[in-house]
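Inspection log for the structure reproduced underneath, given as C-alpha cells.
Protein chains: 2
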Amino acid sequence: MSGIPHFWAVVPAGGAGTRLWPLSRSSSPKFLHDLTGSGRTLLQETVDRLTPLAADRFLVVTGQAHLAAVTAQLPQLAGGAVLAEPSPRDSMAAIGLAAALLERRDPEAVMGSFAADHVISDPERFQVAVTRAVEAARQDWLVTLGIEPTSPSPAFGYIHLGEPLPGLPEVCAVQEFVEKPSVETARDYLASGRFRWNAGMFVVRPTVLLDLLAQWHPEFAAALRQLAGDLDRLPELWGTLPRIALDHAIAEPAAAAGRVAVVPASFPWDDIGDFDSLATLLEQTDPGSAGGLSVLGDEELVRAVASTGLVVPASGRTVAVVGLDDIVVVDTPDALLVTTRAHAQQVKAVVTGLQESGHRDLT
Amino acid sequence: MSGIPHFWAVVPAGGAGTRLWPLSRSSSPKFLHDLTGSGRTLLQETVDRLTPLAADRFLVVTGQAHLAAVTAQLPQLAGGAVLAEPSPRDSMAAIGLAAALLERRDPEAVMGSFAADHVISDPERFQVAVTRAVEAARQDWLVTLGIEPTSPSPAFGYIHLGEPLPGLPEVCAVQEFVEKPSVETARDYLASGRFRWNAGMFVVRPTVLLDLLAQWHPEFAAALRQLAGDLDRLPELWGTLPRIALDHAIAEPAAAAGRVAVVPASFPWDDIGDFDSLATLLEQTDPGSAGGLSVLGDEELVRAVASTGLVVPASGRTVAVVGLDDIVVVDTPDALLVTTRAHAQQVKAVVTGLQESGHRDLT
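Chains A and B supply the protein sequences, listed in that same order.
This note's numbering puts the first residue of the first sequence at 1, with every later residue one more than the last.
This note's numbering puts the first residue of the second sequence at 1001, with every later residue one more than the last.
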C-alpha cells in the first residue's frame, strides 16, 4: 500500500474543545478522545482515514504538552512524524512549518492538511474527494474541500463556488470565503446550491503554499523556510512567528486573487463543536438511539426513565436520569456536567468561570 | 434538666427513603443523613428536639443493620436505649414492644412516638404541643398531633377533628382518620378548617396502648407483653408477630370507638418524602436560595449557570449545571441521579430497576 504518490498528510492536533468540558480538557483535548464509541480516538480515526492515501507519509503537529500522548496513540508512525510546537501559534505557523519541512524533503510533494478532531463517517467518499483535490493541487491550485451543508448552520464559515476548472470538471474555482453567516443568510446560501461549509481542509503543494504566504507575509514565509533548514532553532524562533490563521493569512487573499479551488464533497462531516453536535452524531451512528437517549460509553452504567439526550458515563459510576428531555450528562472522575442540548454552547462559561476562580486544574 | 416527669420518647428509626436515592440507601437510610445542612442528622435532630421533654428517657427502635450507626450517632444515650429489631416488622410491632418494655419499667410512663426521619423547624412549638398531648394521655386518651396543612397535599393521611375535650380546650376528639385523599378532596378539607395532616406521632400511656391493642388483636398484645418480660426470646418470637401499621391496628378502630384525641399543632413539619420536598425545605431554611439553586453540601463545588433547583454535591467532585430549571442533581461516590422536581417521585422506579437487575448493592 503506497497511496497517492508523493501525497503527505499533515494533521494539526490542537485546540482545547472547551465546549466539550469536562470530557475534553486542556490537558487532554478532544482529539485524544474516542467521541464516537468506535474504540479509536478522533486523532487515530483521522490517521486511519488518511492512511490509504498517505501510506506512512504523515506529519502530525501538536503541542509540547500532548507530544507523549499523541506518539503513544500512533505507534505505527515513524520517528519524526510527530512534531511538537514549543507553544500554540495558530494554524499558519503550524501548517506553514510542515510545508517548509516537506518542501525540503520531497520536491514533488502534495500535502493535505486535516484537523485531528473532526469526524467523517464515510472514509471512501472522503478519499475520492482528496484524490481529486490532489490532482488540482498538482496544477498549483490551493485546493480546499467544500462540505455540502446539511443545515443552515451559523457555526461554520462558507465557501462560495465559482466556475468549474478547465479540464477538472469536478473541481471549481473559489469565488470567496465568507465568515459565519446569520441563519437567514445561511438559508439563502443553501437555497442557491452554490455554497459549501469550510471545514478548514487544504490540499496544496508545499511550495505553492509558501509562495502564496510570501506574497502577503514575506518575512513569515522566509522564517518558516529558515526554520525548516535548522530545526534546532525552533525553540528560539517559534515565539517570533505571527499568530494568524491560515484562512486569513493565505486562503482569503488567494481566493480574491483567483488562486483557490474547491472540491465540492458530500461526505458526512462534523467538527463536534459541542455536546449538541455530539448527540446528533451519535443518533446518526446508532439509529436505535434516535429520539431516545444516546450513551457514549458503557450503557450498563446508565439507568434512564422517560428521558432523551446524551449521557457520557466516564467515571464508572451508575448514572440515573429520570424525566428529562434533551438532557446532557457528562460524568468524569473529578467533574460532572449537567446541561441540555440547547444550552450546550454555554458550557464554555463554566470553563471560563473555573479558570477565573483558580480551578484551572479542572479545565 | 429532667423534662416532663415520666415522659419517654420512643423513636422508630426505620424506612429506606427510597425516593431519596442515591443519597438514602437501604444500608444508610434517610434518618442517618443530614438533609438540612444543620450539621446534625435527622435522627440526631429528632433526639435533640425531644431531649428537653424526655431528658435521658429514650428508646430508639431500629433495624439490626443500623444498630451500630444509630448508637454511634447518639453517644449521649444510655446503654440499652437503642433496641434492634431482628427484622423489619412494621410499626405496630416496633412501637408495641417499646410500650411493653416501658409498661414494666415505669408504671406512670407516658410515651411519645416520633419517627426519626421527619423535619420540624420550630422545636419550641413542637414541645408545647407534645406537653399538651401528655396531659391528655394521662387521662387515658390515645393522643396524636395533627399538623396544620400548608397545602392540599395528596401525599398524607388526614385527621378529622371532633369536639374539644372537656377540661382540655386545646385538645380535640378525633372523628376519624382518613387515607390519602385526592387533591380536590384535600382542598375541601383545608377549606373546612377541621382537618389536620397525620404525621404518625402518638402520645399515650403504654398500658393504654397495649390494652387498646388487646381489644382488637389480643394475641399480639399478649406476645408483646411476654417478650418484654424475656427479651432473650426476641430472635425466636419476633418473626411470629403480625406485620401491621399502628394506624390500622389501633388508631383507626380506637378513633371509631371514641378513644383518640388530637392536639392541633401548627409547627412546620416535613417528612421529606422526595427531592421535591427537600428542595422546598431548603428554600425555606435558606431564603436566599428561593427561586434559585439550593445546595445541600459544599457550595464551592457547584457551578451553576442560569439554573434553579437542588444540587447535592456529596462525592467531592465539581458539579456544573447549565440552563436547567427545577433540576435535581444528586452526586454520590458510586451513583449519580439527574431528575427534575416534578419527576422526583419516579426515582423509586430507578431503585426498583436496580434491584431487579442485580444491582442491589447500589440501592
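Beta carbons are placed, not taken as given, at the ideal position from N, Cα and C, and that holds for glycine.
query, result
"S24(A) - DSSP class collapsed to helix/strand/coil", "coil"
"Beta-bridge partners of P313(A), as assigned by DSSP", "D331(A)"
"Cβ-based neighbour list, D286(A), same chain, cut-off 7 Å, excluding 5 preceding and 5 following", "S294"
"Buried or exposed (CB count within 10 angstroms, at least 16 for buried), Q1073(B)", "buried"
"Cutoff 8 Å: Q1346(B) Cβ touching any chain A Cβ", "yes"
"Coarse secondary structure for H355(A), derived from DSSP in three states", "Looking at the sequence provided, one finds Gln at residue 355(A) rather than His. Looking at Q355(A) - three-state DSSP - the assignment turns out to be helix."
"Check whether P264(A) and G146(A) have beta carbons under 8 Å apart", "yes"
"Through-space distance from P1086(B) to V1061(B), alpha-carbon basis", "11 Å"
"CB-CB length for H1217(B) against A1249(B), believed under 8 Å", "6 Å"
"DSSP bridge partner residues for P1029(B) (one or two, in chain order)", "According to DSSP, P1029(B) bridges with nothing at all."
"Three or more C-beta pairs below 8 Å linking the stretch 1260-1280 of chain B and the stretch 1335-1348 of chain B", "yes"
"Within the stretch 1172-1204 of chain B, ranges of the alpha helix (DSSP H) (whole runs, at least 4 residues)", "1183-1192"
"Chain A contacts made by the stretch 1222-1240 of chain B, where a contact means CB separation under 9 Å", "none"
"Test: A1314(B) CB closer than 8 Å to a CB of chain A", "no"
"Interface partners of D331(A) on chain B, CB under 8 Å", "L1336"
"Cα-Cα separation, P439(A) to Q64(A)", "Here chain A comprises residues numbered 1 to 363, so residue 439(A) is not present and cannot be evaluated."
"Segment limits, alpha helix (DSSP H) that includes T1144(B)", "Unbroken run through T1144(B) is the beta strand (DSSP E), 1142-1147; no alpha helix (DSSP H)."
"Where S307(A) falls: helix, strand or coil (DSSP)", "coil"
"Positions along the stretch 1298-1328 of chain B whose CB lies within less than 7 Å of some CB in chain A", "R1303, V1305, R1317, T1318, V1319, A1320, V1321, V1322, G1323, L1324, I1327"
"Length of the line joining the Cα atoms of A1009(B) and G292(A)", "51 Å"
"Stretch-stretch touch, CB-based, cutoff 8 Å, three pairs: the stretch 1254-1271 of chain B with the stretch 1121-1140 of chain B", "yes"
"Residue burial classification, T1144(B) (beta-carbon count within 10 angstroms, cutoff 16)", "buried"
"For L212(A) and L142(A), believed in contact at Cβ under 8 Å, the rounded distance", "6 Å"
"Proximal residues, the stretch 1006-1023 of chain B versus chain A, C-beta separation under 7 Å", "none"
"Inter-residue Cα distance where the pair is L1101(B) and P1235(B)", "16 Å"
"Straight-line Cα distance separating A1069(B) from P1227(B)", "It should be noted that the sequence gives Leu, not Pro, for residue 1227(B). Cα to Cα, the separation comes out at about 25 Å."
"7 Å Cβ cut-off: residues of chain B touching V350(A)", "R1303, V1305, A1320, V1322"
"Contact under 8 Å by Cβ, I159(A) with N198(A)", "yes"
"Check whether V1053(B) and F1007(B) have beta carbons under 8 Å apart", "The question names Val, but residue 1053(B) is Leu in the sequence shown. A contact, by the Cβ cut-off of 8 Å."
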